[in-house]
Amino acid sequence: MTKKIRVLIAKPGLDGHDRGAKVIARALRDAGMEVIYTGLRQTPEMIASAAVQEDVDVIGLSILSGAHNTICPQLMKLLREKGMDDVTVVVGGIIPEADIAALKKSGIAEIFLPGTSTQAIVDFIHQKIVLPS
Amino acid sequence: MHRGRLWTMRQFAGFGAAEDTNQRFRYLLAQGQSGLSTAFDLPTLMGYDSDHPLSEGEVGKCGVAISSLADMEVLFDQIPLADVTTSMTINSPAAVIWAMYLAVAEKQGADWKKISGTLQNDILKEYIAQKEYIYPPEPSMRLVIDTFEFGVKNTPKFNTISISGYHIREAGSTAIQELAFTLRDGMEYVEWGLRRGLEIDEFAPQLSFFFNAHSDFFEEIAKYRAARRIWHKAMTERYGSKSARSYALRFHTQTAGCSLTAQQPYNNVVRTALQALAAVLGGTQSLHTNSLDEAWALPTEFAATIALRTQQIIAHETGVTNTVDPLGGSYFVETLTNEVERGAWDYIKKIDALGGMVAAIERGFPQREIAEASYRYQRELDNKEKLMVGVNAFVSEEKPLDILQIDETVAHRQAARLKKLRAERSGDEVLRRLNALRTATKGKDNLMPFIYDAVKAYATLGEICDAMRDTFGTYEEVAIT
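Quick mapping for you: the protein sequence lines, in order, are chains A and B. Note that the numbering used here has the first sequence beginning at 1, numbered continuously upward. Note that the numbering used here has the second sequence beginning at 1, numbered continuously upward.
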């Protein structure tokens, strides 16, 4: 059996709009990945710990609330502290174009805006993560 | 509806601190808007003060930050609550925010018996779709029925609830699911009200509804028509209502936020206009039209003005208000109305068989149905079985929009204001009233008077919600993916 790509889908902050997170979780699972969904209202600390425990290759954050500039840098710092620098972190949601450059500089690999097809996300992850066979 | 009286043009607005939103409210009223609708930020929706650690990064972002009566006084400064009707999109802490609103009305000298407005206060759809809940279902429902009871006695013209399908649809449901879950929620509230000992025609006139206006034009019109039929049947046959004020379904509509595209955003003006027209042809009593930039951020004043103008054009230029139910008798619309009604009753019967809506929610039934429907919708977009202009068809390059930015100075302003408030108010009085509330949560008394007392002493939203958290505990869902 080949090893599957492991993805943590996380919903940080106080927002409860989980439609996107759930659709992505299911689409990645259908594409053959192992998906763990954290559920709602996760702090950066909870997400970083879950990423370590689950030994994931990818973290997908769903943020629609405008809190991305606070949450993303905090999470990236925690991941570095835990030696998880190699994990690929992507963000999906409502992110103004003006914020994208700074988020990428903080270590976010890619930002998926509304209207992105699930296939585009699957393709991006496959291109980033090549597991040893 | 509409021949004699237009719908209320009620644009949902809220951002930053109270003074920022107060300015937007006054601007919208000056532009000819006929009612107010308040969006609160996420900390407020979750019952946290702006200076709570979990509020970091969220203050004033998705709505206005309200942590105490002092903020509420600023929010409605120079807005006469005796004349303007206000809707408040607040659910788990609805009783607390409503108490703040009533306190401001009292200060302004407005008569509670005459003021009107709408409290969203629909906790069931929070568990189903929107997910901004604090307490478990049982104590949450108690709080809702407490507001019904308080409203019957003190504010007979105020809608104590807005039973909402909007968020259910935004979470990805079909039109039939939106209709069925919303109306079954309505029946659940009625049943809990009756169990409290309230008379049906005493509290039901204060129940109002809130639906989405999505893109399938005729299906949406059929949905509104079917909603009125189902509610009438349920109220008269199930609950023995004899008053038209109870069995006539009244509803607010908002155009579908989830149909807006980040790509080619000016196209959103057209989408919104068509959706708004469906709501008007379906007989809505109140309407919010979305702004073109909402797939990017909260709307700028420029975008919010076009959205309001869209309603004004439909109301004053198209002539569609000259006939009530103008599509009644159309073969297609009548058939669709029958189909939607039948589909909704099938769901309602399934939920009855599960033991009612609270029981169905605890078993994840509506949540699972919505998750299935939203995944199906996404697959159809991905496979191009469903086309969205600018997204999966007719794609073109474009320049970025100028959008509204909310920075962290709002959080700092709020923190400073809270610090001042806590220093200036009577700490003993606050403690005494919070303790009285905490004690009352353990008994069966209506909690509204205790909450009102605490609010008047400038206890904060977070402190009041915490006093109830101590007894009620908090709720966590089992996530369905």
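Every residue gets a Cβ at the ideal spot worked out from N, C-alpha and C, and that includes glycine.
Residue-level contact to chain A via CB, B:M448, 7 Å cutoff: no
Which of helix, strand or coil DSSP assigns to B:M88: strand
If contact means a Cβ-Cβ distance below 9 Å, which residues of the stretch 49 to 70 of chain A contact chain B? Here the close residues are L64, S65, G66, A67, H68, N69 and T70.
Chain-ordered chain A contacts of B:Y458 [CB-CB under 7 Å]: Contacts between B:Y458 and chain A, judged by CB atoms closer than 7 Å, are missing: the closest CB pair is about 24 Å apart.
Could you give the distance in angstroms between the alpha-carbon of B:K349 and the alpha-carbon of A:A102? Straight-line Cα distance between these residues: approximately 52 Å.
Would you mind telling me which residues of chain B sit closer than 7 Å to A:E97, beta carbon to beta carbon, in chain order? P400
On a CA-only basis, which of B:V280, B:L277 and B:A371 is nearest B:S173? Give me that one, please. B:A371
Let me check one thing: in DSSP terms, what residues is B:F211 bridge-paired to? B:T253
List the DSSP bridge partners of A:I63. A:G93.
Mind checking B:Y347: buried by the 16 CB within 10 Å criterion, or exposed? buried
Which stretch, first to last residue, makes up the alpha helix (DSSP H) that contains B:Y452? M448 to K456
Could you spell out the range, first to last residue, of the beta strand (DSSP E) harbouring B:M9? T8 to A13
Any idea what DSSP makes of B:H52, helix, strand or coil? For B:H52, the three-state secondary structure derived from DSSP is coil.
Do you know offhand how far B:L143's Cα is from B:F450's? 12 Å
Starting from A:S117, find everything on chain B with Cβ-Cβ shorter than 8 Å and list it in chain order. L381, D382 and N392
How do the stretch 451 to 463 of chain B and the stretch 97 to 106 of chain B stand: do at least 3 beta-carbon pairs fall below 8 Å, yes or no? yes
Considering only residues of the same chain and omitting the five flanking positions on each side of B:K242, which have a CB-CB separation below 7 Å? D201
Scan the stretch 359 to 388 of chain B for residues whose Cβ lies nearer than 9 Å to a Cβ of chain A and list them as they occur along the chain. Answer set for the stretch 359 to 388 of chain B: I370, A371, S374, Y375, Y377, Q378, R379, L381, D382 and M388.
For the stretch 119 to 137 of chain B, which residues have a CB atom closer than 9 Å to at least one CB atom of chain A, in sequence order? E126, A129, Q130, K131, E132 and Y133
Please classify B:L337: does DSSP put it in a helix, a strand, or coil? Checking the displayed sequence, the identity of residue 337 of chain B turns out to be Thr instead of Leu. Helix.
Spatially closest choice to B:A459 from B:S164, B:G427 and B:C62, by CA coordinates: B:G427
Residues that B:T261 contacts on chain A, provided the C-beta gap is smaller than 9 Å: P114 and G115
Could you give the distance in angstroms between the alpha-carbon of B:G14 and the alpha-carbon of A:T2? 51 Å
Could you name the residues of chain B that A:K4 contacts, counting a contact when the two beta carbons are closer than 8 Å? Close partners of A:K4 in chain B (Cβ separation under 8 Å) are lacking, with about 16 Å as the shortest Cβ gap.
Got a sec: is the Cβ-Cβ distance from A:R19 to anything in chain B below 7 Å? yes
Using a Cβ-Cβ distance under 7 Å, would B:G57 count as near chain A? yes
Contact with chain A by B:W192, beta-carbon distance below 7 Å: no
Measuring only the C-alpha atoms, how far is A:K22 from B:D216? 24 Å
If I follow the unbroken alpha helix (DSSP H) through A:R6, where does it start and stop? Unbroken run through A:R6 is the beta strand (DSSP E), R6 to A10; no alpha helix (DSSP H).
What number of angstroms, rounded off, separates the C-alpha of B:R169 from the C-alpha of B:Y266? 23 Å
Which parts of the stretch 151 to 178 of chain B are runs of the alpha helix (DSSP H), unbroken and 4 residues or longer, counting only runs that do not cross its ends? DSSP assignment within the stretch 151 to 178 of chain B yields the following whole alpha helix (DSSP H) runs of 4 residues or more, N-terminal first: 166 to 170.
Residue closest to B:E237, alpha-carbon to alpha-carbon, out of B:S116, B:E429 and B:M187: B:M187
Beta-carbon spacing of B:Q312, B:A17 below 7 Å: no
For B:C465, would you say it is in contact with chain A, using Cβ-to-Cβ distances shorter than 7 Å as the test? no
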